[in-house]
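**Q**
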Amino acid sequence: MKAELLAPAGNFSKLRTAIYFGADAVYLGGKDFSLRSFADNFSREELAEAVKYAHSLGKKVYVTVNIYARNKDLALMEDYFSFLYGAGADAALISDCGVLYAAKKAAPKLAVHISTQANITNKYAVKFWREQGAERAVLARELSLAEIKEIHDFVPDIQLEAFVHGAMCISYSGRCLLSDYLTGRPSNRGECAQACRWNYSIRKNDDKSDSGWLDMEQDERGAYILNSKDLNMSAYLDEMENAGVCSFKIEGRMKSEYYLATVINAYRRCMDGGFTPEVERELNTAAHRDYTTAYAFGENHSTVNYTDSQAKGDCDYIGNVCGYEDGCALVEMRGRFRAGDVLEVLSPSENFGKSFTVDKAYAPDGSPVDDCKLVQAIYRVKCPYRLSAGDILRRRK
117 MKAELLAPAG
127 NFSKLRTAIY
137 FGADAVYLGG
147 KDFSLRSFAD
157 NFSREELAEA
167 VKYAHSLGKK
177 VYVTVNIYAR
187 NKDLALMEDY
197 FSFLYGAGAD
207 AALISDCGVL
217 YAAKKAAPKL
227 AVHISTQANI
237 TNKYAVKFWR
247 EQGAERAVLA
257 RELSLAEIKE
267 IHDFVPDIQL
277 EAFVHGAMCI
287 SYSGRCLLSD
297 YLTGRPSNRG
307 ECAQACRWNY
317 SIRKNDDKSD
327 SGWLDMEQDE
337 RGAYILNSKD
347 LNMSAYLDEM
357 ENAGVCSFKI
367 EGRMKSEYYL
377 ATVINAYRRC
387 MDGGFTPEVE
397 RELNTAAHRD
407 YTTAYAFGEN
417 HSTVNYTDSQ
427 AKGDCDYIGN
437 VCGYEDGCAL
447 VEMRGRFRAG
457 DVLEVLSPSE
467 NFGKSFTVDK
477 AYAPDGSPVD
487 DCKLVQAIYR
497 VKCPYRLSAG
507 DILRRRK
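Numbering-wise, the numbering used here comes out as the position in the sequence shown, counting from 1, plus 116.
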């Protein structure tokens, strides 16, 4: 089985972007029962349409139903699983054994993938879930490649999925109470406030005034003491596949279309042509924290990003290409640009990486302009390359 590239889709537009830039499958959430409550997510009608759209292009859709459920949730879930099966979803992602029971009762033929939220860190857990009817296990990020290989050898008849890129939790694969404790937004119910990304300070217990605040440093690098680095396994996909991983998962249902396009495009090219300096450069283009391979090669005591919450990327997101006519790209503006700017093409086609200088641009009313500053307006921009709808333009800093 050739490894699949699995990408997040926080809404329909992101789903189209993920598929256009090379994802083999997407994972997404409905309006309920999903661990990304603050993503746009999909209504039932949108979800059915998303499945239809993906299947028309030979792609798969996995639906997250991965909250830790309460009794009141379970009363509604059986109907939801029946709907997912009828809509043609390729699998449901589940964390909770009670939810799995509800799924098997309502839609016994619906494939089940066990979410990383279930904290699968050993071979007996994988064997247990396989015996409960799971088709796939999404492994905890804390596992090494050697441990993954041992799991695969022990339970060879279950698919193994693992994250290859994106944000990591400071807690064991998402099992965190910090957000709930500090904000009342429970992570395990889909409302994580990402409290681990905050810049922390300390003060004396006996002094509530501003003068009570104290400096806090961590090795003289700052006070982001709970902020994990971002995972990046792009250079080690062959090793992951050899260990038994059949699905390479990118994190980021809350990330922008531009971020998704950049990362998915890089991994698609890496999977098809091998890791190159171009892939490495590309993954530095979108905003990210310092990168880490986490625990893939054993114990790692350098996974915290002490300096800041997130580094800026190497490019500015300029716009989405909506079409091409009469030598001009139709560009939906997302970032201000002017005559004389050098723009670069982000595309799954041979136009990827090509650049051109903005010479002539035209406003929506057809008048020539030197300054394109109306957000989401459609500008016509003279371009020497025949770009396609779905391509993206950016500007290097």
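Every residue, glycine too, gets a C-beta built ideally from N, C-alpha and C.
Just to confirm, is the Cβ distance from Leu347 to Gly390 under 8 Å?
**A** If you number the sequence shown from 1, residue 347 lands on position 231. If you number the sequence shown from 1, residue 390 lands on position 274. Cβ distance not < 8 Å, so Leu347 and Gly390 don't count as in contact.
**Q** When you compare the CB positions of Asn436 and Arg454, do they come within less than 8 Å of one another, or not?
**A** Translated into the one-based positions of the sequence shown, residue 436 becomes position 320. Translated into the one-based positions of the sequence shown, residue 454 becomes position 338. In this structure, Arg454 does not lie closer than 8 Å to Asn436 by Cβ.
**Q** Do the stretch 261-273 and the stretch 349-369 meet, that is, are 3 or more Cβ pairs less than 8 Å apart?
**A** By the Cβ criterion, the stretch 261-273 is in contact with the stretch 349-369, since at least three pairs of Cβ atoms, one from each stretch, lie closer than 8 Å.
**Q** Put Leu353 into one of helix, strand or coil per three-state DSSP.
**A** Within the sequence shown, numbered from 1, the residue matching residue 353 stands at position 237. Leu353: helix per DSSP, three-state reduction.
**Q** Taking DSSP as the reference, what is the three-state secondary structure of Gln248?
**A** Mapped onto the sequence shown, residue 248 falls at position 132. In the structure shown, Gln248 falls within a coil segment according to DSSP collapsed to helix, strand and coil.
**Q** Please report the Cβ distance between Tyr374 and Gly368, rounded to the nearest whole angstrom; I am assuming they are in contact, meaning their Cβ atoms lie under 8 Å.
**A** Reading the sequence shown from its first residue, position 258 is the one you call residue 374. Reading the sequence shown from its first residue, position 252 is the one you call residue 368. At roughly 11 Å, the Cβ-Cβ gap does not stay under 8 Å, so Tyr374 and Gly368 are not in contact.
**Q** Buried or exposed: which applies to Asn304, given that a residue is buried once 16 or more other Cβ atoms fall within 10 Å of its Cβ?
**A** As a first step, residue 304 must be located in the sequence shown, where it is residue number 188. Counting Cβ neighbours within 10 Å, Asn304 comes out buried, since at least 16 surround it.
**Q** Could you tell me which residues DSSP pairs with Leu376 in its beta bridges?
**A** Working through the sequence shown from its first residue, we reach residue 376 at position 260. Per DSSP, none; premise fails for Leu376.
**Q** My guess is that Ala119 and Met387 are in contact by the Cβ rule of under 8 Å, so how many angstroms apart are they, rounded?
**A** By one-based count along the sequence shown, residue 119 stands at place 3. By one-based count along the sequence shown, residue 387 stands at place 271. Correct: roughly 7 Å between the Cβ atoms.
**Q** Locate the beta strand (DSSP E) running through Asn436, then write down its first and last residues.
**A** Working through the sequence shown from its first residue, we reach residue 436 at position 320. Unbroken beta strand (DSSP E) run through Asn436: 431-441.
**Q** Closer than 8 Å by C-beta to His417: which residues in its own chain qualify, once you throw out the five before and the five after it? Chain order, please.
**A** On the sequence shown, position 301 is the one that residue 417 refers to. Hits under 8 Å: none found.
**Q** When the Cα atoms are used, what is the spatial distance from Tyr169 to Gln248?
**A** Looking up residue 169 in the sequence shown gives position 53. Looking up residue 248 in the sequence shown gives position 132. Distance between the alpha carbons of Tyr169 and Gln248 is about 31 Å.
**Q** Going by DSSP, what residues sit across from His281 in a beta bridge?
**A** Position 165 of the sequence shown, counting from 1, holds the residue named residue 281. Answer is Asn348, Ile366.
**Q** Can you grab the Cα-Cα spacing for the pair Ala223 / Ala445, in whole Å?
**A** As a position in the sequence shown, residue 223 is number 107, starting the count at 1. As a position in the sequence shown, residue 445 is number 329, starting the count at 1. A straight line joining the alpha-carbon of Ala223 with that of Ala445 spans about 47 Å.
**Q** Sort out for me which residues DSSP pairs Leu459 with in a bridge.
**A** Walking along the sequence shown from the start, residue 459 turns up at place 343. For Leu459, which the question treats as bridged, DSSP gives the partners Phe472.
**Q** For Arg337, which of helix, strand or coil comes out of DSSP?
**A** Here the question's residue 337 lines up with position 221 in the sequence shown. Confidence at Arg337 is low in this model, with a pLDDT of 48, below 50, so its placement is unreliable and the value that follows should be read with caution. The answer is coil: DSSP assigns Arg337 none of H, G, I, E or B.
**Q** Out of curiosity, what's the CA-to-CA distance linking Asn187 and Thr237?
**A** If you number the sequence shown from 1, residue 187 lands on position 71. If you number the sequence shown from 1, residue 237 lands on position 121. Taking the straight line from one Cα to the other gives about 27 Å.
**Q** If Thr378 and Thr401 are in contact, beta carbons under 8 Å, what's the gap, nearest whole angstrom?
**A** Position 262 of the sequence shown, counting from 1, holds the residue named residue 378. Position 285 of the sequence shown, counting from 1, holds the residue named residue 401. Contact flag correct, Cβ pair sits at about 5 Å.
**Q** Excluding five sequence neighbours on each side, which residues of the same chain lie with their C-beta closer than 6 Å to the C-beta of Arg452?
**A** Within the sequence shown, residue 452 is the residue found at index 336, counting from 1. Same-chain partners within the cutoff: Lys489.
**Q** Pull up the DSSP beta-bridge partners for Lys498, would you.
**A** Counted from its first residue, the sequence shown places residue 498 at position 382. According to DSSP, Lys498 bridges with Cys444.
**Q** With three or more C-beta pairs closer than 8 Å as the rule, is the stretch 250-261 touching the stretch 271-288?
**A** yes
**Q** Just confirm the distance between the C-beta atoms of Val395 and Ala382, as a whole number of angstroms; I'd bet it's less than 8 Å.
**A** Counted from its first residue, the sequence shown places residue 395 at position 279. Counted from its first residue, the sequence shown places residue 382 at position 266. Confirmed, about 5 Å.
**Q** Could you tell me the boundaries of the beta strand (DSSP E) in which Thr180 lies?
**A** Translated into the one-based positions of the sequence shown, residue 180 becomes position 64. Residues 176-180.
**Q** Quick check on DSSP: helix, strand or coil for Leu399?
**A** Taking the first residue of the sequence shown as 1, we reach residue 399 at position 283. Leu399: helix per DSSP, three-state reduction.
**Q** Tell me whether Lys365 is buried or exposed, calling it buried when 16 or more other Cβ atoms sit within 10 Å of its Cβ.
**A** Numbered from 1 along the sequence shown, position 249 holds the residue referred to as residue 365. Classification for Lys365: buried.
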